[in-house]
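All remarks here apply to the structure that follows.
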Amino acid sequence: MTEMTEPTATSAKRTRHRHHWRRDLVELAALFTAVVVADAVAKTIVHGPDGPYLLLVSAVVLVATAAFHTWWARRHDHGHAPPALPKTETRTGTAPAAGAGEDGDGEAGTVLWRVRTTVRDEPGSLAALCGALAGLRVDILTLQTHPLADGTVDEFLLRAPAALQPAALTRRIAAAGGTHTWIERADAHDLVDTPTRVLGLATRTALDAAELPLALRQLLGRCAIRSVPAVSPTGRRSDRTAPVEGALEQGDTVMLLRDPYGGVLTVERPYLPFTPSEFARARALVELDARLGPRVPRGEDVLTLPEGDAITVRRADQDDVAAARAMHDRCSDRTLALRYHGPVADADLYLNHLLSPRFGRTLAVETSSGRLIALGHLLWDGDETEVALLVEDAWQRRGIGSELLRRLTGLAVEAGCDSVYAVTQASNTGMVAAMRALRLPLDYQIEEGTLVITARLDALRAEHGGRSAERHGLPAGRPHPTPGAGPAGQGAPQHP
1 MTEMTEPTAT SAKRTRHRHH WRRDLVELAA LFTAVVVADA VAKTIVHGPD
51 GPYLLLVSAV VLVATAAFHT WWARRHDHGH APPALPKTET RTGTAPAAGA
101 GEDGDGEAGT VLWRVRTTVR DEPGSLAALC GALAGLRVDI LTLQTHPLAD
151 GTVDEFLLRA PAALQPAALT RRIAAAGGTH TWIERADAHD LVDTPTRVLG
201 LATRTALDAA ELPLALRQLL GRCAIRSVPA VSPTGRRSDR TAPVEGALEQ
251 GDTVMLLRDP YGGVLTVERP YLPFTPSEFA RARALVELDA RLGPRVPRGE
301 DVLTLPEGDA ITVRRADQDD VAAARAMHDR CSDRTLALRY HGPVADADLY
351 LNHLLSPRFG RTLAVETSSG RLIALGHLLW DGDETEVALL VEDAWQRRGI
401 GSELLRRLTG LAVEAGCDSV YAVTQASNTG MVAAMRALRL PLDYQIEEGT
451 LVITARLDAL RAEHGGRSAE RHGLPAGRPH PTPGAGPAGQ GAPQHP
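Quick look at the structure:
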């Protein structure tokens, strides 16, 4: 609805004022003319019989006529003037916006919801749905449509009164013809339009091959992403395959994509089926990654240890496998056992897997002579994230592990992860101390001698405020779903 604002009302007042001045000038000119005519007539009458009396009567008639004209003009203006407008107005269908924030913390009490529902593919179905939302004073901020064979999936970003319960919103949508409705809380990051978000994801993927799993998660929302290699670290070939064009399985809740590095990318979202549009976008992102080939950012940071030694921290990939094996040869059996939780002889088998950008990000530490002395891994594990450290014996207890862990945690925050976990043993005091040094809320779980330490990243994400994600036009993460709206897919941890 288009409504007149304060500047428009002011402009109308000025227009009326200009109209009054033009009319006054015309009346003044007419008055001078009348004076000249009256003077000529008065001179003629004054010399006739009863001249002064006639002049007095004429003056009275003239004053009465002027008074009547003024009264009529004012009555005419007031009868046609537009009604006065209040200084502030709100749009129909929205609550007053004074002091309102997008998260519903303001006085107006509005919240953001992401809603997806299926409607019949016929004229008027979307209009009926929009009318039902307007009846609840719900404002539609964005709309995406996903055509299906027997209908259309409409995805809305809504701003609704805080008092409106999701169950009431779902019932109104169902009454308007919506089926299979799904709803979850949204935040301001979701206001980024889809083309901008997709371009940002493509840019990040083009710069770093390790971004592909993260980009798919940002593109598809909360989902579990796993990369199944064609050959396992132990040399066993996988029986999991995917056609060249990809496929949707299990009621369109599982997406299979061929991994450019070999193997299969599996994307699971059991609470919400994938649409053909989402499948096409994901496949295009994987094809972009395949065309660009292996790549990793080559930035380096030079640090000085308390003892005065200079070290270099950089990203690592599969080109560093030989240097990593040489570092394994210099590590003690105890150090390798604490890191890999298995036979020391099999440690080298995991390096290709760990250094692949498909499974996460790896930071390497080198001496000034270029010798590799430490590795830090941030591994994507379904919808969870694992951190792992290995520092050569001669360089332990110098703060290298803590520095790597701090940087890996920062990468996890940029990726929108809610938490990171480390799998170690209670006797590994160095890893336990490094996790405590993060000064984050920690959760400890001990099972059969294995210690799992989970660090919540909520405080760091709030501190960063999603700046890294906003720089790319991306949401920094999604809020948890509304209870009863369908749980996210849970990934079982798999450790090398």
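At position 69 of the sequence shown (counting the first as 1) the number is 69 in the UniProt record's numbering, and the numbers step up by one without a gap.
Where a beta carbon is used, it is the ideal one built from N, C-alpha and C, also for glycine.
Being a predicted model, the structure only gives us computed values, none of them experimental.
Residues that DSSP places opposite residue i in a beta bridge
| i | result |
| --- | --- |
| Met255 | Leu248, Val267 |
| Gly449 | Gly449 is not bridged to any residue. |
| Trp113 | Leu158, Arg185 |
| Ala455 | Val420, Leu442 |
| Gln144 | Glu155 |
| His377 | Thr362, Ala388 |
| Ile225 | Val267, Gly382 |
| Arg237 | Val231 |
| Ala139 | One point to set straight first is that residue 139 is Asp, not Ala, in the sequence displayed. DSSP output for Asp139 lists Arg159 as bridge partner(s). |
| Leu372 | Glu366 |
| Thr118 | Val153, Thr179 |
Boundaries of the beta strand (DSSP E) in which residue i is found, first to last residue
| i | result |
| --- | --- |
| Glu392 | No beta strand (DSSP E) contains Glu392, which DSSP labels as neither H nor E. |
| Leu303 | 300-304 |
Cβ pair residue i, residue j closer than 8 Å
| i | j | result |
| --- | --- | --- |
| Val413 | Val387 | no |
| Ala202 | Leu265 | no |
| Leu338 | Thr424 | yes |
| Asp121 | Thr152 | yes |
| Cys223 | Val192 | no |
| Ala167 | Gly109 | no |
| Val321 | Leu355 | yes |
| Ser227 | His146 | no |
| Asp259 | Arg171 | no |
| Ala282 | Leu257 | yes |
| Ala324 | Leu351 | yes |
| Leu207 | Arg269 | no |
| Val119 | Leu133 | no |
Outcome for residue i when other beta-carbon atoms lying within 10 angstroms are tallied against a minimum of 16
| i | result |
| --- | --- |
| Pro441 | exposed |
| Trp71 | exposed |
| His180 | exposed |
| Gly416 | buried |
| Leu389 | buried |
| Ile311 | buried |
| Phe274 | buried |
| Pro213 | buried |
| Val231 | exposed |
| residue 501 | This structure does not reach residue 501, given that the chain is present from 1 up to 496, and the question cannot be answered. |
| Ile446 | exposed |
| Gly449 | exposed |
| Thr241 | exposed |
| Ala316 | buried |
| Ala347 | buried |
| Pro294 | exposed |
| Asp154 | buried |
Element boundaries [alpha helix (DSSP H), containing residue i]
| i | result |
| --- | --- |
| Pro195 | 194-207 |
| Tyr340 | 333-340 |
| Glu366 | That residue, Glu366, is in no alpha helix (DSSP H); its beta strand (DSSP E) goes 360-367. |
| Thr429 | 429-436 |
| Arg315 | From DSSP, Arg315 is part of no alpha helix (DSSP H) but of the beta strand (DSSP E) over 310-316. |
| Pro243 | That residue, Pro243, is in no alpha helix (DSSP H); it is neither H nor E in DSSP. |
| Ser125 | 125-135 |
| Phe279 | 276-292 |
| Arg330 | 321-330 |
| Val413 | 400-414 |
| Ala175 | 166-175 |
| Ala345 | Where Ala345 is concerned, there is no enclosing alpha helix (DSSP H), given that its DSSP letter is neither H nor E. |
| Glu211 | 211-220 |
| Leu354 | 351-355 |
Same chain, Cβ closer than 8 Å to residue i, five either side skipped, listed in chain order
| i | result |
| --- | --- |
| Asn428 | Leu338, Leu451 |
| Arg436 | Leu442 |
| Ser368 | Asp309, Ala310, Ile311, Thr312 |
| Glu300 | Thr312, Val313, Arg314 |
| Glu307 | Arg398 |
| Ile173 | Val115, Thr117, Leu129, Ala132, Leu133, Thr181 |
| Leu457 | Thr409, Ala412, Val413, Cys417, Asp418, Ser419, Val420, Leu440 |
Residues of its chain near residue i, where Cβ-Cβ distance is below 7 Å and the 5 sequence neighbours each way are ignored
| i | result |
| --- | --- |
| Ala66 | none |
| Gly408 | Strictly speaking, residue 408 in this sequence is Leu, with Gly absent from that position. Once the five neighbours on either side are set aside, the close Cβ partners of Leu408 are Leu363, Gly376, Leu378, Val387. |
| Thr194 | Gln144 |
| Asp252 | Pro273, Phe274 |
| Glu211 | Arg204, Thr205 |
| Ile140 | Cys130, Leu133, Phe156, Leu158 |
Neighbourhood of residue i by C-beta distance below 6 Å, restricted to the same chain and skipping five residues each side
| i | result |
| --- | --- |
| Leu405 | Ala434 |
| Leu460 | Val413 |
| Thr385 | Ala412, Cys417, Val420 |
| Tyr261 | Arg358 |
Contact test: residue i Cβ vs the ligand MG heavy atom, cutoff 7 Å
| i | result |
| --- | --- |
| Val115 | Questions concerning the ligand MG fall outside what the structure shown contains, since it holds no ligand whatsoever. |
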